[in-house]
Amino acid sequence: MLPRLHSQTDINPAVLLYLKQLEVEGFTGDIETQYSSRLAVATDNSVYQKLPQAVVHPKTTADVQLIGKLANQEKFASIAFSPRGGGTGTNGQSLTSGIVVDLSRHMNQVVEINEQEGWVRVQTGIVKDALNDAVRPFGFFFSPDLSTSNRATLGGMVNTDASGQGSLKYGKTSDHVLSLQAVFADGSLLESDGSLGEPEADSFASHALQVTEQVCKQNRALIDEKFPPLNRFLTGYDLNNAYDPATDQFDVTRILCGAEGSLAFITEVTLNLTPIPKARTLINVKYNSFDAALRNAPFMVGANALSVETVDSRVLNLAKQDIVWHTVSDLISDVPGKEMQGINMVEYAGQDEDDVTQAVAALIKSLDEKLNTEQDGIIGYQVTSDVASLGRIYNMRKKAVGLLGAVKGSAKPIAFAEDTCVPPENLADFIAEFRDLLDGHGLNYGMFGHVDAGVLHVRPALDMCDPEQESLMHQISDEVVKLVAKYGGLMWGEHGKGFRSEYGPDFFGEQLFNELRRIKAACDPLNKMNPGKICTPLESTDELVKVSDAKRGTFDRQIPIEVRDSFAQAMECNGNGLCFNYDTASPMCPSMKVTADRRHSPKGRAGLVREWLRQLSEQGFDVLELESNINHSNSAKGLIEKWRNTFNKRHEYDFSHEVYDAMNGCLACKACASQCPIKVDVPSFRARFLNLYYSRYQRPAKDYLVANIETLLPYMATFPKVVNFGLNQRLVQTLTEKTVGYIDAPLLSVPTLKQRLKSQPVSQFNLEQLQAIPAEQRSDYVCIVQDPFTSFYDAEVVEDFAKLILKLGKKPVLLPFKPNGKAAHIKGFLRQFAKGAKSTADFLAQVAQLNMPLVGVDPALVLCYRDEYVEILGQERGVFDVLTAHEWIMPLVQDKGDLETVDEAQWYLFAHCTEKTKMPNAEKEWGTIFQHFGGRLTTVPVGCCGMAGTFGHESDKLQMSKDIYGLSWQPNLDQLPKERCLVTGYSCRSQVKRFENVKVKHPVQALLQLLN
1 MLPRLHSQTD INPAVLLYLK QLEVEGFTGD IETQYSSRLA VATDNSVYQK LPQAVVHPKT
61 TADVQLIGKL ANQEKFASIA FSPRGGGTGT NGQSLTSGIV VDLSRHMNQV VEINEQEGWV
121 RVQTGIVKDA LNDAVRPFGF FFSPDLSTSN RATLGGMVNT DASGQGSLKY GKTSDHVLSL
181 QAVFADGSLL ESDGSLGEPE ADSFASHALQ VTEQVCKQNR ALIDEKFPPL NRFLTGYDLN
241 NAYDPATDQF DVTRILCGAE GSLAFITEVT LNLTPIPKAR TLINVKYNSF DAALRNAPFM
301 VGANALSVET VDSRVLNLAK QDIVWHTVSD LISDVPGKEM QGINMVEYAG QDEDDVTQAV
361 AALIKSLDEK LNTEQDGIIG YQVTSDVASL GRIYNMRKKA VGLLGAVKGS AKPIAFAEDT
421 CVPPENLADF IAEFRDLLDG HGLNYGMFGH VDAGVLHVRP ALDMCDPEQE SLMHQISDEV
481 VKLVAKYGGL MWGEHGKGFR SEYGPDFFGE QLFNELRRIK AACDPLNKMN PGKICTPLES
541 TDELVKVSDA KRGTFDRQIP IEVRDSFAQA MECNGNGLCF NYDTASPMCP SMKVTADRRH
601 SPKGRAGLVR EWLRQLSEQG FDVLELESNI NHSNSAKGLI EKWRNTFNKR HEYDFSHEVY
661 DAMNGCLACK ACASQCPIKV DVPSFRARFL NLYYSRYQRP AKDYLVANIE TLLPYMATFP
721 KVVNFGLNQR LVQTLTEKTV GYIDAPLLSV PTLKQRLKSQ PVSQFNLEQL QAIPAEQRSD
781 YVCIVQDPFT SFYDAEVVED FAKLILKLGK KPVLLPFKPN GKAAHIKGFL RQFAKGAKST
841 ADFLAQVAQL NMPLVGVDPA LVLCYRDEYV EILGQERGVF DVLTAHEWIM PLVQDKGDLE
901 TVDEAQWYLF AHCTEKTKMP NAEKEWGTIF QHFGGRLTTV PVGCCGMAGT FGHESDKLQM
961 SKDIYGLSWQ PNLDQLPKER CLVTGYSCRS QVKRFENVKV KHPVQALLQL LN
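Anchor point for the sequence shown: position 153 equals 153 in the UniProt record's numbering, and the numbering is continuous, going up by one each time.
Shown next, in the form of structure tokens:
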């Protein structure tokens, strides 16, 4: 039986008192002290881990001021903070043992857009892509382009002075900051353009202005000598650009940008915007070696390109193995007879189409000459000017960053010395020596980056659970620092210092570093703001953080290796945070999108399971043994024990409850299993967790209903009108909600499927009858594999599919109903699921031997045979394939000419999220099928509908289900004729019917209509 687990770290009483007083004095945001919330922000996109005391989510600048003002009281001298946005930092910038102040949940609004002057004012919790969505209708975009742009916040960009692709022309974030609003550790407020007037005398804000200007003016010669003249100029603190001797102008924003929250909270920022280019062209130049790509890059930069991005073969090959590659395979095709070892992605963009065309033509002419003479290692190139195609290529490049973490084996490429910056003309030689360094240690690595700016991301593969390799990471960091200095560059050209702050004194030298400490002392004399990062206050004895500080691997290695391997879907999460993608049309992760709670994300859930496994190991429990020994017999003694534990749940703390709360909000949509670069598969380890959790605690009644509904449905369908009559009674509905926790129960199909098919030429054969069909006739038959929901709740779809099969010249056979079991798996009834899956798999494997296609109409249930069945049964699954409807139809339309258009009106496809993520070509193939049969189909980009099987029918999930539906489904359906909307998933059609009171069609029904 699963043991009770404890919270591992007590909260400082001073922190608890501070948080209580914060609430009393009018703080309007959220305050979280539960262990799970703290764990969710104990990591970022780096290898480090540091548990904070609490997490607060302010709603206004006044809230942030209150945070500082209250902490300035003497009794709260030990209180320290770290601002946090998207948590995408690769060097632990926002990690702290103090209080995390997360501005992303609430302070994420656009304050003002000035179209005439081309600027925007935003709260700093806004995601970069969300900002661009807001200003796009005005013809603008915010130009610094990050690989994490769909989850990185403007606050994080300001605090690390982020840049990214195109920085040669677009510059860094600080180049676009017109003004910012800063709240200092005493609560004093500063608007950097002076629009709020002079800050209050003797406040931290006042001292900050005075001292930073003095430092920049008095040390000009030393600053000029120390700061290298690079496009990716030094961040934190940018003394070089804060003061212009020619105009005697001082700009404090340059000090605050890149300060990593070590000086003040940045709550609002005014940014200048860039007009969207009218013309864009991308040329993918292919090379026979990565070194050739690097050495040829300066030529591309000299050709007046907007940007030159380089990717090596290792990263390309990882992308080819991912779902993302199907979107770009035709845009970056292989060169026949050549091995592509690297590419340069060269983009031209501008307002003048002729200028772009001429620049592209000049480069192409040069490339053709080099191809003909086999110069510079160039083996080919491809050109595209289609904006959508450019977007797909850059999305691949962006995702490739995370894909490096998905390599097989315990050693994973990690970020710790991967944003080095040297003059572009030195880059190839620098990288050659860098590679020699890594090769000397016998390490694998991947490389990609912004060669136009001299920045290349190099991620060596290390096993951070191995103490020796953890030490090697520090050794390599030291060696890279020396190497960068040799080539006149920086250790931190893009991703900030964070835990690499220990190298600051070596780079700046004692005199100039002490000037940085003067600035820190003026802005934050008590060292409350992200202490240990960049520098400490002058005369302070506090220490800087170090590369050798605690990491995720420090905690992970406490888990036995066989357990780590067994739970790889959780253990391998590297914190890249793609699951925080704000885009409502992205299928991953719906619960995170509506709660803005990091616990309710694949990253959050993976982190909680890791800690849960660590605590079990710490207490001497073998989780694999616990799984194998679980007794599902529900003996009287076992039930009594479960009820006792369930009652005590209200009185005794158990960390497992916090893990359960996070798992309970998961829709088991499986989007993470394919969309996440690391393939963090929450539903898989969620089912295992629930299986163990309910060995100690009693299950709710609704779980038994959901897990056994497939067994009950055939009996219920015997008297469908009686069942429906009962379900329609208010008293029954109330009792069901109150006692079972189940609402909006769907009604059975009337007539039933069997009744519908009586008048149709559809066979209903058992296995023996199927085997009796002569072998030469079997190719004429198609076996329909029933799923519980479509067959019993939406029988018309199965009937119409059978009619479609007849129209296409085949003979439909309705196979006997066999439970699929997905619902039982979702609820963690793993033993029950395995038993049912084995029975169904055995039957389907026997049918498959007859060489008749097996086809199902619901994609989520069909995919269960390929995913959960393989996972739970392994070799015992047998050999069979169940096709989705479109997979079966596609071969029938290939190699045949399209029919004439018979329906001019558009159909609109809303695909199931599991189908889209597991079968990335599904929407495109549906479009091909409709075109063949004379129809016109448009794919509607939507995320999860919020139903997810039975999730939306559980009363405690109703509001979340509604909120998820409102993200992308409802807005799109509101704008389209619902009678032309086609929905592949039963649960999605059920959700639409529930909230829109409209019954939408499955695509096979529209195809039947076209053929009729």
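Beta carbons are placed, not taken as given, at the ideal position from N, Cα and C, and that holds for glycine.
So residue i is in the beta strand (DSSP E); what residue range does that whole segment cover?
| i | result |
| --- | --- |
| A40 | Looking at the DSSP string, A40 is not in any beta strand (DSSP E); the run it does join, the alpha helix (DSSP H), is Y35 to A40. |
| D312 | S307 to D312 |
| A841 | Here A841 belongs to no beta strand (DSSP E); instead the alpha helix (DSSP H) covers L830 to A848. |
| R936 | R936 to T939 |
| Q181 | V177 to V183 |
| L189 | L189 to E191 |
| I678 | Per DSSP, I678 belongs to no beta strand (DSSP E) and is neither H nor E. |
| C981 | C981 to V983 |
Could you tell me which residues DSSP puts in a beta bridge with residue i?
| i | result |
| --- | --- |
| D244 | Q249 |
| S763 | V813 |
| I534 | For I534, which the question treats as bridged, DSSP gives no partner whatsoever. |
| residue 1050 | The question about residue 1050 has no answer here: the residues shown for the chain are numbered 1 through 1012. |
| I784 | L814 and V855 |
| G380 | K286 |
| S791 | Paired residue(s): none; S791 is not in a bridge. |
| I113 | V120 |
So, helix, strand or coil for residue i, using DSSP?
| i | result |
| --- | --- |
| I31 | strand |
| W119 | strand |
| W907 | strand |
| Q93 | coil |
| R598 | helix |
| H632 | Reliability of the predicted coordinates at H632 is poor, the pLDDT of 49 falling under 50, and the value obtained from them is presented with this limitation in mind. Coil at H632, not helix or strand. |
| H457 | strand |
| Q321 | coil |
| G171 | coil |
| F227 | coil |
| H326 | helix |
| D102 | strand |
| residue 1062 | Here the chain comprises residues numbered 1 to 1012, so residue 1062 is not present and cannot be evaluated. |
Where do the ends of the alpha helix (DSSP H) carrying residue i lie?
| i | result |
| --- | --- |
| T928 | A922 to H932 |
| V1000 | Run containing V1000: none; DSSP gives neither H nor E here. |
| K918 | C913 to K918 |
| H825 | K822 to I826 |
| H450 | No alpha helix (DSSP H) contains H450, which is instead part of the beta strand (DSSP E) from Y445 to H450. |
| V659 | F655 to N664 |
| R552 | R552 to D556 |
| V893 | A885 to V893 |
| R518 | E510 to C523 |
| M473 | P467 to K486 |
| N344 | Counting along the chain, N344 falls outside any alpha helix (DSSP H), though it belongs to the beta strand (DSSP E) covering G342 to G350. |
How many whole angstroms separate the CB atoms of residue i and residue j, which I take to be in contact at a CB cut-off of 8 angstroms?
| i | j | result |
| --- | --- | --- |
| N91 | H457 | Not confirmed; about 13 angstroms, so no contact. |
| V1004 | K978 | No, V1004 and K978 are not in contact; Cβ-Cβ is about 18 angstroms, not under 8 angstroms. |
| A185 | A71 | 7 angstroms |
| F362 | L168 | A small fix is needed here, since residue 362 is Ala in this sequence, not Phe. The pair is not a contact, with the Cβ atoms about 18 angstroms apart (cut-off 8 angstroms). |
| T536 | R564 | With a Cβ gap of about 37 angstroms, T536 and R564 do not count as contacting. |
Can you tell which of the options has the C-alpha that lies nearest to the C-alpha of residue i?
| i | options | result |
| --- | --- | --- |
| Y697 | D858, C676 and G828 | G828 |
| P774 | F951, L850 and I379 | L850 |
| P525 | C981, V870, S262 and V862 | S262 |
| M491 | G665, A417 and T536 | A417 |
| P413 | V992, S839, Y445 and D386 | Y445 |
| H825 | G856, Y793 and E868 | E868 |
| V120 | E374, V135 and N108 | V135 |
| G87 | G166, G155, D224 and K497 | G155 |
| I31 | D44, T43 and L17 | L17 |
| Q569 | S329, Q469, V407 and D133 | V407 |
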